[in-house]
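Read in order, the letters of the sequence shown are residues 580 to 997 in the working numbering.
Even glycine gets a Cβ: it sits at the ideal position worked out from N, Cα and C.
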Amino acid sequence: MTGRLDLSIELDERRGFSTSGVAVRIESANDRPDLDAKTWTVLVPTGSRGLFVDVPAGSYTLQAWLPSGQILRRAATVKDDQIALVVFVEKKLKTGMARDRAWQDRTFDLHKEFHPLEFQPAYSSGSDPFAGETATAQIDFLHERASNLSWSRLPLAEHVVDELKLHLLEGETSTDIASNAELTVISIKATRSTNPDMLTWCRHWVRVQNANGASIGALPLPWLTSAVGDSRPQIEVSYEHHQQHLEIAVRDHALDLLLAYMKLGRLSAAEMSIDLLSHEGTLLRALEDKRGNPLAACAAAYVSLATANKKQIDIWRDWAPNLMNWFPWMPDGAIIRACALMDGPVSKDAKEQILTCAKEGYRRGLPFFTVGVQHLREILQLFGGDDPEAEEMLGSVRSVSSRCDISEAFTTLQFPSH
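Printed below as a string of structure tokens:
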């Protein structure tokens, strides 16, 4: 007996970005202990098109990951030969959100020291159900030169602070801020630049502090574009005050489908869309244009690696050294190079080369992408057992990894006060 799910997605058009589809996870809510629950992940087109999915009759729970970072859950019961309608509607920002440009003129005292190498239990952002009200959060920005990056000293000391002065080469940078009691959204326009090497760029971070601790997020800058005006991509930093959750996202209509998979946990679904990504040329176009936007090239490489599609990976495998060598400020390039070398049985020489790339990635600092932290940890675990330096690095990576919010695309670390 089978029925059909009629899935549709309604996004908030005021956010000013489009997407080719939204990943939706469908899980059967099976009450029979003798039968295993089944799970599907599908890509649902946005707007009026939607998607029909034929499924066995029964009860289902569905979860949609929207480009805005919202995760919506629905339940549905499918009867034999009938259609169950499931609509995911993005929660709209309130029209009364105040735009506080004076916020940009504030200064902050960043005297607090954190200890990233202390192990932390898995930490999930969320509001305290026993708290009378949501704590006030303080949001500020930091930057540091690549030479100062360290796994053992995160960019939190006074001498690396430059609040909201991002110094993004010669490109124009504009920042827009919207805030209310529930949500603060900071949008940074992508940079237009003709300089392909970017050897002098700083790393940029956002920090949120409240009574329960702090969160540190790696901003995906430089995110370069040739677009002009309102069509320029945006780096969006959002903080949900009630849930105490920090999210960093890129709104880039040319890469929406690709970026939709970058949150850890969604990458496993990328294989289902490899034909679509390949047909549209999204993966290879981003990798070929690595000088135009090296961070987008890294995102494409990570998604391609997650599909485990050897034919697809072989197309760009020989490009990986350039992704590593051309951008020495980017840890992810070296990590991706190491991953690209792991093709089938690994010889002694290949093992040494993989470790060399992994160590180089480590020395460059924390990866921009959460999945980069995971890859680096796994490589050091697999190949660093008889290498004292790799073992020491693995200890640091494990410690920092224990602070990672694994639900986020870009490296976001949690420092709870308890």
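- Query: DSSP three-state call for Asn789: helix, strand or coil?
  - Reply: Position 210 of the sequence shown holds residue 789. Here Asn789 sits in strand by DSSP.
- Item | Touching by the beta-carbon criterion (3+ pairs, under 8 Å), the region 885-893 and the region 908-915 | no
- Gly582 - partner residues in DSSP beta bridges: On the sequence shown, position 3 is the one that residue 582 refers to. DSSP lists Val634 as partners of Gly582.
- Item | Own chain residues within Cβ distance below 7 Å of Gln813, not counting five before or after | Taking the sequence shown and counting its residues from 1, one reaches residue 813 at position 234. Here the set comprises Ser766, Ile767, Lys768, Ala769, Arg830.
- Message: Using the Cβ count rule (16 or more neighbours within 10 Å means buried), how would you classify Val657?
- Response: The residue labelled residue 657 in the question sits at position 78 within the sequence shown. By the 10 Å Cβ count, Val657 comes out buried.
- Task: Could you tell me whether the region 985-993 touches the region 790-797, using the rule of 3 or more Cβ pairs below 8 Å?
- Result: yes
- Going by the beta-carbon positions, is the gap between Ala655 and Leu584 smaller than 8 Å? Within the sequence shown, the letter at position 76 stands for residue 655. Within the sequence shown, the letter at position 5 stands for residue 584. Yes; because the gap between Cβ atoms is below 8 Å, this pair is in contact.
- Let me know the secondary structure DSSP gives Gly711 once reduced to three states. For the purposes of this step, residue 711 is taken as the residue at position 132 of the sequence shown. Low per-residue confidence applies at Gly711: pLDDT is 35, beneath 50, and the placement is therefore not dependable enough to give any value.
- Starting from the C-beta of Ile932, find all residues in its chain whose C-beta is less than 7 Å away, skip the five residues before and the five after it, and write them out in chain order. Sequence index remark: in the sequence shown, residue 932 carries index 353 (1-based). For the record, residue 932 in the displayed sequence is Gln; it is not Ile. Taken in chain order, the residues that qualify are Leu920.
- Under the three-state DSSP convention, the category Gly796 falls into: The residue you call residue 796 lines up with position 217 of the sequence shown. Looking at Gly796 - three-state DSSP - the assignment turns out to be strand.
- Message: Do Thr886 and Tyr818 have their beta-carbon atoms positioned less than 8 Å apart in this structure?
- Response: Counted from its first residue, the sequence shown places residue 818 at position 239. Counted from its first residue, the sequence shown places residue 886 at position 307. Contact flag unset, no.
- Which one or two residues does DSSP pair with Ala1059 in a beta bridge? What is shown of the chain runs 580 to 997, which leaves residue 1059 out entirely.
- Query: What are the boundary residues of the beta strand (DSSP E) that includes Gln993?
  - Reply: Against the sequence shown, residue 993 aligns to sequence position 414. Gln993 -> beta strand (DSSP E) spans 991-995.
- Task: Within the same chain, show all residues whose beta-carbon is closer than 8 Å to that of Val634, passing over the 5 residues directly before and after it, in chain order.
- Result: Translated into the one-based positions of the sequence shown, residue 634 becomes position 55. Once the five neighbours on either side are set aside, the close Cβ partners of Val634 are Thr581, Gly582, Arg583, Leu584, Ile605, Ser607, Trp619, Val657.
- Message: Looking at the secondary structure, which residues open and close the beta strand (DSSP E) in which Glu826 lies?
- Response: As a working mapping, residue 826 is identified with position 247 in the sequence shown. Residues 824-830.
- Message: Does Tyr818 come out as helix, strand or coil in the three-state DSSP assignment?
- Response: Locating residue 818 in the sequence shown gives position 239, counting from the first residue. Note: Tyr818 maps to strand in three-state DSSP.
- Message: I'd like to know whether the C-beta atoms of Tyr941 and Met972 end up nearer to each other than 8 Å.
- Response: Translated into the one-based positions of the sequence shown, residue 941 becomes position 362. Translated into the one-based positions of the sequence shown, residue 972 becomes position 393. In this structure, Met972 lies closer than 8 Å to Tyr941 by Cβ.
- Query: Near Leu651, which residues of its chain fall below 6 Å by C-beta distance, leaving aside the five closest residues on each side in sequence?
  - Reply: Walking along the sequence shown from the start, residue 651 turns up at place 72. Closer than 6 Å at Cβ, skipping near neighbours: Ala643, Phe667.
- Query: How far does the alpha helix (DSSP H) with Arg977 in it reach, from first residue to last?
  - Reply: Here residue 977 is taken as the residue at index 398 of the sequence shown, counted from 1. Its alpha helix (DSSP H) spans residues 967-980.
- Task: With Phe667 as the anchor, note down where its beta strand (DSSP E) starts and where it stops.
- Result: What you label residue 667 is simply residue 88 of the sequence shown in a count that begins at 1. Taken as a continuous stretch (DSSP letters only), the beta strand (DSSP E) holding Phe667 covers 662-668.
- Query: Does the beta-carbon distance from Tyr881 to Phe947 come in below 8 Å?
  - Reply: Reading the sequence shown from its first residue, position 302 is the one you call residue 881. Reading the sequence shown from its first residue, position 368 is the one you call residue 947. Against a cut-off of 8 Å, the Cβ pair of Phe947 and Tyr881 comes out as no contact.
- State the DSSP-derived secondary structure class of Ile985, mapped to helix, strand or coil. Sequence index remark: in the sequence shown, residue 985 carries index 406 (1-based). Looking at Ile985 - three-state DSSP - the assignment turns out to be coil, as it is neither helix nor strand.
- Contact set for Leu800: own chain, Cβ-Cβ below 6 Å, skip 5 residues either direction: Start at 1 with the first residue of the sequence shown, and residue 800 comes out as number 221. Same-chain partners within the cutoff: His783.
- Message: Quick check on this structure: which residue in Ala899, Val925, Val816, Thr625 has the alpha carbon closest to the alpha carbon of Val787?
- Response: The sequence position of residue 787 within the sequence shown is 208, counting from 1. Nearest of Ala899, Val925, Val816, Thr625 to Val787, Cα basis: Val816.
- Query: Going by alpha carbons, who is nearest to Ala917 out of Ala875, Leu961, Asn888, Ala988?
  - Reply: For the purposes of this step, residue 917 is taken as residue 338 along the sequence shown, with counting starting at 1. The residue with the shortest Cα to Cα distance from Ala917 is Leu961.
- Query: If you count every other CB in all the chains shown that lies within 10 Å of the CB of Leu645, and 16 or more means buried, which is it?
  - Reply: Sequence index remark: in the sequence shown, residue 645 carries index 66 (1-based). The residue is buried, with at least 16 neighbouring Cβ atoms inside 10 Å.
- Task: Output yes or no for whether 8 Å exceeds the beta carbon distance between Arg956 and Arg977.
- Result: Translated into the one-based positions of the sequence shown, residue 956 becomes position 377. Translated into the one-based positions of the sequence shown, residue 977 becomes position 398. It is a contact, given that the beta carbons lie within the stated cut-off.
- Task: Would you mind sorting Pro695 into buried or exposed? The rule is 16 or more other CB atoms within 10 Å of its CB.
- Result: Counting from 1 along the sequence shown, the entry for residue 695 is found at position 116. Any reading at Pro695 must be qualified, since the residue scores a pLDDT of 40, below 50, and its modelled position is unreliable; no value is offered.
- Start-to-end residues for the beta strand (DSSP E) that takes in Ala833: Looking up residue 833 in the sequence shown gives position 254. Ala833 -> no beta strand (DSSP E), and no H or E assigned at all.
- Query: Going straight from the alpha carbon of Gln953 to that of Ser980, what length do you get?
  - Reply: To locate residue 953, count along the sequence shown from 1; it is residue 374. To locate residue 980, count along the sequence shown from 1; it is residue 401. Taking the straight line from one Cα to the other gives about 7 Å.
- Item | Assigned secondary structure, Glu606 (DSSP; H/G/I helix, E/B strand, else coil) | Within the sequence shown, residue 606 is the residue found at index 27, counting from 1. The answer is strand: DSSP assigns Glu606 an E or B state.
- Check whether the Cβ atoms of Ala969 and Leu934 sit closer than 8 Å, and answer yes or no. As a working note, residue 969 is residue 390 in the sequence shown. As a working note, residue 934 is residue 355 in the sequence shown. A contact, by the Cβ cut-off of 8 Å.
- In whole angstroms, what is the alpha-carbon distance linking His832 and Trp898? Here residue 832 refers to the residue found at position 253 of the sequence shown. Here residue 898 refers to the residue found at position 319 of the sequence shown. If I take the Cα positions, the gap works out to 25 Å.
- Query: If Leu837 sits next to Thr861, beta carbons under 8 Å apart, how far is it from one beta carbon to the other, in whole angstroms?
  - Reply: Residue numbering aside, residue 837 sits at position 258 when the sequence shown is read from its first letter. Residue numbering aside, residue 861 sits at position 282 when the sequence shown is read from its first letter. Right, their Cβ atoms sit about 5 Å apart.
- Task: Please say whether Ile588 and Val623 have beta carbons closer to each other than 8 Å?
- Result: As a working note, residue 623 is residue 44 in the sequence shown. As a working note, residue 588 is residue 9 in the sequence shown. Yes, the pair counts as a contact, with Cβ atoms nearer than the cut-off.
- Task: Return the first residue and the last residue of the alpha helix (DSSP H) that Leu622 is part of.
- Result: Within the sequence shown, residue 622 is the residue found at index 43, counting from 1. No alpha helix (DSSP H) contains Leu622, which is instead part of the beta strand (DSSP E) from 618-623.
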